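Take a look at the structure:
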């Protein structure tokens, strides 16, 4: 349609053409950016294999001596310790945060919609707006000393990281779950009440099972956010390159590894390129989560 | 326990959960404000940070945060608006549109540290910008653009179709309809969206570590040469923002008064972000009232 108008070439048609083209260009930019990020990060990350000739078995191992010479068995650039750290912190945080987040969502939709709208909605939005470095700072100045004095260890621990992340992802779980519960048809609830169910029975046996796909989406979104969070986690987990044996042990994650060493390693060195590979892994995991969410959303729509 | 006792117990649990979340926010904000109150004075807000000695301030960091916010919004808002206009007004149901939506979803859920790495690789190294505010602004734009596009699209979709049809039937072109009819009636939603995303950008740190950098040159506000390295307005100088400063002070600073600087910086940051949030709500209410003539 823009083309046909442009043939007349009056001023309005020219403007229409320019406006449409600009809008089209800006929308395309989103695709270009996504492709560029994938290609550049992937290309840089995989240089660990084709520039340094490191085997995949080496990269996905537990050994981390990136600066040890060959005669001492190095260099070893296993990122498994980092990967396990990331998975542990984010999965535990999601497990801790999901029940609370869904509780809040049910409260907002079923128990007291008035308070939900007036009080909890703004509270959740404000919690979501708190910058991650502030969560890290609170973790560092409140949680870490508390754990050190009451539970032992240095305080820099898996537990501190999990708690900070759990609070950070709570708004995501609560707001997405609320949307999922609100989207349910009212007839479900009416039918359950008509059959004589109590409110709790309605929630547990009808509403939550019906909103299953949406609630899972909320948890996966939160998990993705927790997995990619860098600074708040880095500030409280101690950044020790070991797999923790208890929740009071320090550990390291992919994001905190990148944060710690990217500025202090030489560009193009094996160590540096391994950090880029960790970035590629983060990107791949992020794609995986998007895929899972797409599947979940389609399932929710199909039912 | 019968069904009704269980029902009562469950109700209590739901109230408890909701109360806990409210208490959590209250505790967080109270802690930050109380501790920050003791640390903040005029000197702290204006002075330069120290690297070894006590008594440093956060003046340049506050300036950097706002200036960087301005630079990135100057890129994000026009691109995001146009992208949103395309999706709401022009896009058809086809593969290209689906691809845009998938890309928006992908960009939204990217960890910000990955965006920071992309910025380091492309803006800092390939474009040769070095650690600079421009590189930082570009990275922030990558983070914020998907949100801006989505907010624009959603807001434009709330504009009633009758308005468009009336405008088109009077002989206006589509672009005229968008500029003269659709956009003006979507202003409240757009403004709220812009301010809320500004608040988000203000607190971002992970994407800036390796793009805008972790240092600030000594700034000379009397400097008239725009592109001089000490000019505060030079977009090609590095600049440590407030959020980055909080991270750096907490994790690797050598100053003796870490706690004071951290407390004060966190309080300023949280107040600005809360301010953005409350301002957006207030402005949205006001604009709606004025535009609807009520």
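Protein chains in written order, with the numbering used here: chain A, 107 to 409; chain B, 50 to 343. We put the CB at the ideal spot given by N, CA and C, even for glycine. Fair warning: this is a prediction, and the values are worked out from it, not measured in the lab.
Pull up the distance between the alpha-carbon of residue i and that of residue j, whole angstroms please.
i, j, result
"residue 334 (chain A)", "residue 340 (chain A)", "11 Å"
"residue 351 (chain A)", "residue 128 (chain B)", "49 Å"
"residue 268 (chain B)", "residue 279 (chain B)", "5 Å"
"residue 50 (chain B)", "residue 206 (chain A)", "24 Å"
"residue 248 (chain B)", "residue 231 (chain A)", "12 Å"
"residue 122 (chain A)", "residue 225 (chain B)", "7 Å"
"residue 145 (chain B)", "residue 397 (chain A)", "18 Å"
"residue 353 (chain A)", "residue 263 (chain A)", "7 Å"
"residue 222 (chain A)", "residue 215 (chain B)", "39 Å"
"residue 207 (chain B)", "residue 235 (chain B)", "8 Å"
"residue 312 (chain A)", "residue 306 (chain A)", "10 Å"
"residue 145 (chain A)", "residue 159 (chain A)", "20 Å"
"residue 186 (chain B)", "residue 193 (chain B)", "10 Å"
"residue 1 (chain B)", "residue 179 (chain B)", "For residue 1 (chain B) there is no data in the structure shown, the boundaries of chain B being 50 and 343."
"residue 381 (chain A)", "residue 176 (chain A)", "20 Å"
"residue 226 (chain A)", "residue 317 (chain A)", "20 Å"
"residue 210 (chain B)", "residue 131 (chain B)", "19 Å"
"residue 111 (chain A)", "residue 138 (chain B)", "Residue confidence for residue 111 (chain A) is low, a pLDDT of 49 falling below 50, so the modelled location carries little weight and cannot support an answer."
Going by DSSP, what residues sit across from residue i in a beta bridge?
i, result
"residue 182 (chain A)", "A:171"
"residue 357 (chain A)", "A:344"
For residue i, decide whether its Cβ has a neighbour in chain A, counting only Cβ atoms nearer than 9 Å.
i, result
"residue 64 (chain B)", "yes"
"residue 111 (chain B)", "no"
"residue 306 (chain B)", "no"
"residue 333 (chain B)", "no"
"residue 337 (chain B)", "no"
"residue 121 (chain B)", "no"
"residue 312 (chain B)", "yes"
"residue 59 (chain B)", "yes"
"residue 293 (chain B)", "yes"
"residue 86 (chain B)", "no"
"residue 210 (chain B)", "no"
"residue 248 (chain B)", "yes"
Mark residue i as exposed unless 16 or more other C-beta atoms lie within 10 angstroms of its C-beta, in which case mark it buried.
i, result
"residue 102 (chain B)", "exposed"
"residue 156 (chain A)", "exposed"
"residue 138 (chain A)", "exposed"
"residue 293 (chain A)", "exposed"
"residue 58 (chain B)", "exposed"
"residue 370 (chain A)", "exposed"
"residue 81 (chain B)", "buried"
"residue 343 (chain B)", "Reliability fails at residue 343 (chain B), whose pLDDT of 45 lies under 50, so the model's placement of it is uncertain and the value that follows must be treated cautiously. The residue is exposed, with fewer than 16 neighbouring Cβ atoms inside 10 Å."
"residue 199 (chain B)", "buried"
"residue 149 (chain A)", "exposed"
"residue 270 (chain B)", "exposed"
"residue 67 (chain B)", "buried"
"residue 98 (chain B)", "buried"
"residue 220 (chain A)", "exposed"
"residue 175 (chain B)", "exposed"
"residue 79 (chain B)", "exposed"
"residue 302 (chain A)", "exposed"
"residue 274 (chain B)", "exposed"
"residue 313 (chain B)", "buried"
"residue 188 (chain A)", "buried"
"residue 172 (chain A)", "buried"
Within 9 Å of any Cβ in chain B, is that where the Cβ of residue i sits?
i, result
"residue 282 (chain A)", "no"
"residue 304 (chain A)", "yes"
"residue 336 (chain A)", "yes"
"residue 311 (chain A)", "no"
"residue 267 (chain A)", "no"
"residue 325 (chain A)", "no"
"residue 146 (chain A)", "yes"
"residue 111 (chain A)", "Its pLDDT being 49, under 50, residue 111 (chain A) is placed unreliably by the model, and the measurement read from it follows with that caveat. Output row for residue 111 (chain A): interface = yes."
"residue 275 (chain A)", "no"
"residue 236 (chain A)", "yes"
"residue 263 (chain A)", "no"
"residue 209 (chain A)", "yes"
"residue 392 (chain A)", "yes"
"residue 270 (chain A)", "no"
"residue 227 (chain A)", "no"
"residue 118 (chain A)", "yes"
"residue 150 (chain A)", "yes"
"residue 347 (chain A)", "no"
"residue 299 (chain A)", "no"
Would you say the beta carbon of residue i is closer than 8 Å to some non-hydrogen atom of the ligand HEM?
i, result
"residue 228 (chain B)", "Among the components of this structure there are no ligands whatsoever, and the ligand HEM is therefore not found."
*Which whole runs of the alpha helix (DSSP H) in the stretch 233-311 of chain B are 4 residues long or more, in chain order?*
236-251 and 291-301
*Taking the runs of the alpha helix (DSSP H) that are 4 residues or longer, which of them lie wholly in the stretch 182-263 of chain A?*
186-212, 227-235, 238-244 and 250-256
*In chain order, which continuous runs of the alpha helix (DSSP H) of length 4 or greater are located wholly inside the stretch 301-343 of chain A?*
318-334 and 337-342
*Considering only residues of the stretch 132-158 of chain B, which uninterrupted alpha helix (DSSP H) runs meet the minimum length of 4 residues and lie entirely inside it, listed in chain order?*
144-158
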